[in-house]
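Student: Numbering (our numbering), first residue to last: 22 to 297.
Ideal placement from N, C-alpha and C gives every residue a C-beta, glycine not left out.
This structure is in structure tokens; I'll ask about it shortly.
Listed below in structure tokens is the structure:
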């Protein structure tokens with residue numbers, strides 16, 4: 022079966038202030054459906070390969086005729102791990118994402134031309150970034166799918182000092198959430214722990230406030246039934262609806278925050294939602 026070309030592009034940004042060390046891939050469809058590209062934004066301590074390739078998303082989207090743009094966040098996957106804290110701030114990441122999709126050919130929305138604009142799928146931390154990206158780029162973003170979203174930022178409550186003590190001398194971490202996130206970050210050999218902690222510190226400096234800037238384009242919110250973070254998903258739906266956006270929600274039975282990404286029902290719902 023033909024799966025189409027798979028081009029790898031390491032974008033070297035020429036625009037001042039954008040990050041040249043982010044690893045970007047552009048995946049071409051088997052047969053182009055003529056629709057706008059899809060940007061995929063992975064979660065904390067993951068990568069485009071883990072989040073989107075290994076779970077079947079890229080192949081499924083290609084088979085649906087979609088052109089896909091993936092990027093590894095700073096300190097993740099095959100991207101580099103800058104030493105300056107500014108590279109990890111959500112606002113800087115959003116600016117880099119804008120440059121990346123522009124480099125990859127995404128154009129502002131134009132009525133009557135379905136090849137213009139950009140669809141965005143975010144997962145976990147990627148959902149937070151996608152929410153803010155849509156809110157700040159209304160002329161570019163057409164529709165957004167948020168997987169495992171939450172109105173609260175789980176990284177905001179991370180106890181940085183306790184994590185640093187634990188890494189330095191093994192002092193146990195009392196906070197369960199902090200302990201779990203650090204263990205998750207340590208599971209992947211490719212993760213740079215310094216970069217993970219820098220990202221968390223930068224996110225704490227720009228806490229997520231979904232009410233401050235909410236996207237007004239159509240949204241699909243998806244969570245596993247057993248994902249405790251999904252309890253706040255209705256708050257996001259309400260905020261987006263108040264901005265006049267169309268909102269759909271899907272809860273997938275038996276799935277958790279970790280494994281909802283592999284759900285066929287999630288993929289099918291996203292493809293249908295974005296295929297307009």
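Within the same chain, show all residues whose beta-carbon is closer than 7 Å to that of residue 174, passing over the 5 residues directly before and after it, in chain order.
Tutor: 149, 224, 228, 229
Student: With distances taken from CA atoms, which of 101, 43, 215 is nearest residue 119?
Tutor: The option with the nearest alpha carbon to residue 119 is 43.
Student: Of the residues 287, 52, 159, 53, which one's Cα is nearest the Cα of residue 168?
Tutor: 287
Student: Roughly how many angstroms lie between the CA atoms of residue 181 and residue 204, to the nearest whole one?
Tutor: Going by the C-alpha atoms only, they are around 13 Å apart.
Student: For residue 88, which of 135, 78, 53 has the nearest alpha-carbon?
Tutor: 53
Student: Under 8 Å by Cβ, that's how I've got residue 68 and residue 98 pegged, so tell me the actual separation to the nearest angstrom.
Tutor: Contact flag correct, Cβ pair sits at about 3 Å.
Student: What does the alpha-carbon distance come out to for the pair residue 36 and residue 250?
Tutor: Residue placement at residue 36 cannot be trusted, given a pLDDT of 40 that sits under 50; what the coordinates show is reported in the next sentence. Rounded to the nearest angstrom, the two C-alpha atoms are 37 Å apart.
Student: Compute the Euclidean distance between the alpha carbons of residue 275 and residue 283, then round it to the nearest angstrom.
Tutor: Looking at the two C-alpha atoms, the distance is approximately 12 Å.
Student: Is the number of C-beta pairs between the stretch 251 to 261 and the stretch 135 to 146 that are closer than 8 Å three or more?
Tutor: no
Student: Please list, in chain order, all residues of the same chain as residue 290 whose beta carbon is under 7 Å from its beta carbon, the five residues on each side excluded.
Tutor: Closer than 7 Å at Cβ, skipping near neighbours: 241, 243, 271.
Student: Among 265, 267, 213, which residue has its Cα nearest to the Cα of residue 102?
Tutor: 213
Student: Grouping DSSP H, G and I as helix and E and B as strand, with all else coil, what is residue 294?
Tutor: helix
Student: For my contact list, residue 159 and residue 267 are in at a C-beta cut-off of 8 Å; report their separation, rounded to the angstrom.
Tutor: Between residue 267 and residue 159 the Cβ distance is about 14 Å, and since that is not below 8 Å, they are no contact.
Student: Threshold first: 4 residues or longer. Then list the alpha helix (DSSP H) segments lying entirely within the stretch 50 to 103, N to C.
Tutor: Scanning the stretch 50 to 103 from its first residue to its last, the whole alpha helix (DSSP H) runs of 4-plus residues come out as 78 to 84.
Student: Report yes if the C-beta of residue 192 is less than 8 Å from at least one heavy atom of the ligand PLP; otherwise report no.
Tutor: Absent from the structure shown: the ligand PLP. Ligands present: none.
Student: Assuming contact is defined by CB atoms lying nearer than 9 Å, are residue 152 and residue 85 in contact in what I supplied?
Tutor: no
Student: Kindly indicate which residue of 273, 163, 110, 78 has the alpha-carbon position closest to the one of residue 134.
Tutor: 163
Student: Would DSSP call residue 269 helix, strand or coil?
Tutor: strand
Student: Within the continuous alpha helix (DSSP H) that includes residue 197, where are the two ends?
Tutor: 197 to 208
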